[in-house]
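Our numbering puts the first residue of the sequence shown at 140, with every later residue one more than the last. Glycine included, each C-beta is placed from N, C-alpha and C at the ideal position.
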Amino acid sequence: MDELNIDKLLEETSDIKEMTEPIIKEVEQIPVEPPSEDIERRRRRKKDEEEVQPEWQGGEIQNKFWDYSYEKDGAAAHIKTNKLLVKIIGVIGFIVIPIIVLGVLLFKKFDPEKKTDVTEIVRYDEDRISQELGLSFIKSDYYTPRVRVLPEEIVFARADKGFAVVYINNKRAGIFFDGTKYTLYGLSVGDYCGDDFQGLEFKYDQFYMDEVKYHAGRKEYYYLYNTNTSECMIVTLDSKEKTVIELGYFYDYHQILRTVLNE
């Protein structure tokens with residue numbers, strides 16, 4: 140047997156005639172930037188959230204609060220002190236508040252709210268009434284419909300703090316109020332007043348009564364007028380309670396009751 144020539148054998152049996160060295164291309168190296176501060180911050184936050192937190196600092200503390208033993212925590216003394224302070228304040232309040240309430244009630248009983256008598260100023264002009272009462276009158280859409288006078292002319296009111304100056308046909312015609320701090324001829328809003336008007340100091344010789352039903356109840360409008368002086372006073376009563384709801388004073392009853400008196 141002839142000696143095998145390995146190289147010749149490979150050359151005769153191989154389909155690869157020539158072999159060349161592989162070409163290796165250089166790959167461009169893209170530098171990797173370090174994570175931004177924002178990304179790094181989020182990573183740290185996520186890591187912190189994944190860690191088991193002490194009960195006092197969060198986690199399930201909201202659900203376990205009432206089962207938490209303050210004796211095992213360093214804040215026990217501070218919390219106990221606060222609880223004791225709250226108890227002391229509660230005891231003091233329990234004692235002091237009734238005393239204050241009693242004092243206020245006694246003060247109101249023996250020193251009732253001081254009322255302003257407007258009897259002498261009802262004929263003053265608006266500016267002087269404003270100065271006397273310390274009021275700043277403005278046109279009032281609230282009081283205008285509440286002044287139940289019965290003329291055919293246009294009526295409007297200028298009011299402040301429960302007191303109004305009434306104008307009829309652009310001329311000052313009187314005053315009207317439902318505030319409790321004023322007194323007119325011995326009567327105040329809130330006073331009990333029967334049909335005999337006991338305690339009323341206004342002098343009159345005729346009257347007209349008009350009862351009006353509202354959704355909240357009935358009002359009795361009494362127009363008391365003096366045929367000698369032409370003065371007219373309006374006293375509005377709660378039909379059920381017989382208490383004064385509104386008071387008014389007008390210079391000329393003819394103007395107020397013109398449609399009623401057929402004048």
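So, at 6 Å on beta carbons, what are the nonlocal neighbours of Tyr360 in its own chain, with the 5 sequence-adjacent residues on each side left out? Along the sequence shown, one-based indexing puts residue 360 at 221. Counting only Cβ-Cβ distances below 6 Å, and skipping sequence neighbours, we find Arg287, Asp349, Thr375.
Nearest to Phe341 (by Cα), restricted to the options Lys358, Gly356, Thr366, Asp317: Position 202 of the sequence shown, counted from the start, is the residue given in the question as residue 341. For Phe341, the nearest C-alpha among the options comes from Thr366.
Going by the DSSP bridge assignment, what does Thr322 pair with across the sheet? Here residue 322 refers to the residue found at position 183 of the sequence shown. Looking at the DSSP output, Thr322 sits in a beta bridge with Asp256, Ser327.
So, at 6 Å on beta carbons, what are the nonlocal neighbours of Ile260 in its own chain, with the 5 sequence-adjacent residues on each side left out? Here residue 260 refers to the residue found at position 121 of the sequence shown. Answer for Ile260: Ile268, Glu271, listed in chain order.
Between Lys254 and Leu323, what straight-line distance do the alpha-carbon atoms span, to the nearest angstrom? Position 115 of the sequence shown, counted from the start, is the residue given in the question as residue 254. Position 184 of the sequence shown, counted from the start, is the residue given in the question as residue 323. Approximately 10 Å, taken between the alpha carbons.
Pair within 8 Å by beta-carbon distance, Ser327 and Ala298: On the sequence shown, residue 327 is found 188 positions in, with the first residue counted as 1. On the sequence shown, residue 298 is found 159 positions in, with the first residue counted as 1. It is not a contact, given that the beta carbons lie outside the stated cut-off.
Can you give me the Cβ contacts of Phe315 inside the same chain, cut-off strictly under 6 Å, excluding the 5 residues immediately before and after it? The residue labelled residue 315 in the question sits at position 176 within the sequence shown. Within the same chain, Phe315 has close Cβ partners Val286, Ala303, Val305, Gly387.
In chain order, what residues of the same chain have a beta carbon less than 8 Å from the beta carbon of Tyr263, not counting five sequence neighbours either side? In the sequence shown, the residue the question calls residue 263 occupies position 124. If you ignore the 5 residues before and after Tyr263, its C-beta comes within less than 8 Å of the C-beta of Glu271, all in its own chain and listed in chain order.
Kindly indicate which three-state DSSP category Glu340 falls into: helix, strand or coil? Walking along the sequence shown from the start, residue 340 turns up at place 201. Coil, per DSSP.
Which residue marks the beginning of the beta strand (DSSP E) containing Ile314, and which one marks its end? By 1-based counting over the sequence shown, the position of residue 314 is 175. Note, Ile314: beta strand (DSSP E), 310-316.
Which residues mark the beginning and the end of the beta strand (DSSP E) in which Val294 is found? For the purposes of this step, residue 294 is identified with residue 155 of the sequence shown, where counting begins at 1. First-last of the beta strand (DSSP E) with Val294: 294-299.
Runs of beta strand (DSSP E) lying entirely within the stretch 342-394, each at least 3 residues, in chain order: 345-353, 356-364, 371-377, 383-389
Through-space distance from Val399 to His393, alpha-carbon basis: Position 254 of the sequence shown, counted from the start, is the residue given in the question as residue 393. Position 260 of the sequence shown, counted from the start, is the residue given in the question as residue 399. Spanning the two alpha carbons is a distance of roughly 9 Å.
On the premise that Cys332 lies in contact with Thr382, defined as a C-beta separation below 8 Å, what is that separation, rounded to the nearest angstrom? As a position in the sequence shown, residue 382 is number 243, starting the count at 1. As a position in the sequence shown, residue 332 is number 193, starting the count at 1. Right, the Cβ-Cβ distance comes to about 7 Å (below 8 Å), so this counts as a contact.
Identified DSSP bridge partners for Val304: Within the sequence shown, residue 304 is the residue found at index 165, counting from 1. Val304 pairs with Arg297, Ile314.
Assuming Tyr364 contacts Phe336 under a Cβ cut-off of 8 Å, what Cβ separation, rounded to an integer in Å, is found between them? Looking up residue 364 in the sequence shown gives position 225. Looking up residue 336 in the sequence shown gives position 197. 13 Å between Cβ atoms; not a contact.
If distances are taken between C-alpha atoms only, which option among Leu339, Asn308, Asp377, Val257 comes closest to Ala355? Along the sequence shown, one-based indexing puts residue 355 at 216. Among Leu339, Asn308, Asp377, Val257, the Cα nearest to that of Ala355 belongs to Asp377.
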